[in-house]
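In what follows, a single structure is set out as structure tokens and then discussed.
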Ligand code: UDP
Ligand code: MG
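Residue numbers (our numbering): 225 to 533.
Okay, structure coming up:
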């Protein structure tokens, strides 16, 4: 099979049919053999019914139905685990990523690239807070990680079978696929596109999910936050040492000392705050290690028309 299209879907009943149509047209235009792998990530609407309906009419439609909502990155991972194509496209179900771009992406890949990702020139119809937080996150991440993760890029991309086979050997539980894909290497390039508004329905990415996703990206690809804690610890200790000398000198040499409630409160609160942040950062790494040690399955499949590999 030439192309597998992996589509994570969560409450996308308004978009499934339209997406199927547009993807099918694109694939016909490319005249390739293909499959559309819908991963239903515990939708609470009619998404899975619609997908099964399509599967009944078109045998190229495959589905993986999760037992509950496991999150976007895990849904994509499940699709990658079970798809069979030589090239794999990852695309959102809400038509924010225009399926027609796949034609160009596929051609670019044929020029000798293992990964062609789509870079957003602009994003329409999203709140300024989302744009701002996402923009800040991508920039911070690209500054503090050891590998170069492309800025303003989602998971919309086409990747070679070789890369997917390597991803399958990366068993980490906190998935940050775009980082993992960069990390793999090979020849990677990008195409620019205009990110569209959602066709229907609403975003499944709450700010909470976004924050978690950002922390997965940072903790998965950088130790800088832990290092900052250490440096800060040294700095604060150094200052504390100076204050200690001052306190001792003023008590015993100058014998001129204040009751000092203000400075005491300030330093206690300050150091307390720093410690809390430090422990929090360590906790973020620790909880992710813990997830990996528990070694539970990444997702649970309730139903699928693809045989497990
Ligand atoms: N999605 C998912 N599980 C989730 C949230 C989202 O599979 O828990 C899917 C969703 O159906 C869509 C894609 O991931 O195909 C991107 O999500 P969304 O459009 O909600 O995010 P946004 O574009 O607003 O960042
Ligand atoms: Mg979207």
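For every residue, glycine included, the Cβ atom is placed at its ideal position computed from N, Cα and C.
Excluding five sequence neighbours on each side, which residues of the same chain lie with their C-beta closer than 6 angstroms to the C-beta of residue i?
i	result
residue 390	408
residue 459	none
residue 285	260, 278 and 279
residue 388	304 and 312
residue 357	none
Taking only the alpha-carbon atoms, compute the straight-line gap between residue i and residue j and give it to the nearest angstrom.
i	j	result
residue 378	residue 523	22 angstroms
residue 350	residue 495	39 angstroms
residue 503	residue 465	22 angstroms
residue 233	residue 451	38 angstroms
residue 506	residue 448	11 angstroms
residue 345	residue 417	6 angstroms
residue 472	residue 484	13 angstroms
residue 437	residue 470	46 angstroms
residue 342	residue 468	56 angstroms
residue 249	residue 332	19 angstroms
residue 479	residue 493	27 angstroms
residue 382	residue 444	22 angstroms
residue 256	residue 393	28 angstroms
residue 463	residue 456	11 angstroms
residue 476	residue 371	54 angstroms
residue 406	residue 509	21 angstroms
residue 374	residue 368	13 angstroms
Could you tell me whether any non-hydrogen atom of the ligand MG is closer than 7 angstroms to the CB of residue i?
i	result
residue 344	no
residue 422	yes
residue 393	no
residue 320	yes
residue 271	no
residue 316	yes
What would DSSP say about residue i, mapped onto helix, strand or coil?
i	result
residue 467	helix
residue 166	Past the edges of the chain, shown from 225 to 533, lies residue 166, and the structure says nothing about it.
residue 323	coil
residue 526	strand
residue 317	coil
residue 167	Outside the modelled stretch of the chain, which goes from 225 to 533, sits residue 167, for which no answer is possible.
residue 514	helix
residue 519	coil
residue 432	helix
residue 268	coil
residue 347	strand
Less than 7 angstroms between the CB of residue i and some heavy atom of the ligand UDP, yes or no?
i	result
residue 236	yes
residue 192	Since the first residue of the chain shown is 225 and the last is 533, residue 192 is not available in this structure.
residue 429	yes
residue 299	yes
residue 514	no
residue 233	yes
residue 293	yes
residue 226	no
residue 305	no
residue 265	yes
Please decide whether residue i counts as near chain D, where near means a Cβ-Cβ distance under 8 angstroms.
i	result
residue 421	In the displayed structure, chain D is absent; only one protein chain is listed.
Please go through the same chain and pick out, in chain order, the residues whose beta-carbon is closer than 7 angstroms to the beta-carbon of residue i, but skip the five residues on each side of it.
i	result
residue 328	415
residue 322	417 and 420
residue 361	438
residue 441	365, 400 and 403
residue 413	332, 337 and 340
residue 430	none
Say the cut is 7 angstroms; is the CB of residue i nearer than that to a heavy atom of the ligand MN?
i	result
residue 323	By its list of ligands, the structure shown excludes the ligand MN, since it contains just the ligand UDP and the ligand MG.
Quick one: complete beta strand (DSSP E) runs, 3+ long, within the stretch 354–429? 377–384 and 412–419
Counting only runs of 3+ residues fully inside the stretch 228–262, write out the beta strand (DSSP E) ranges in chain order. none
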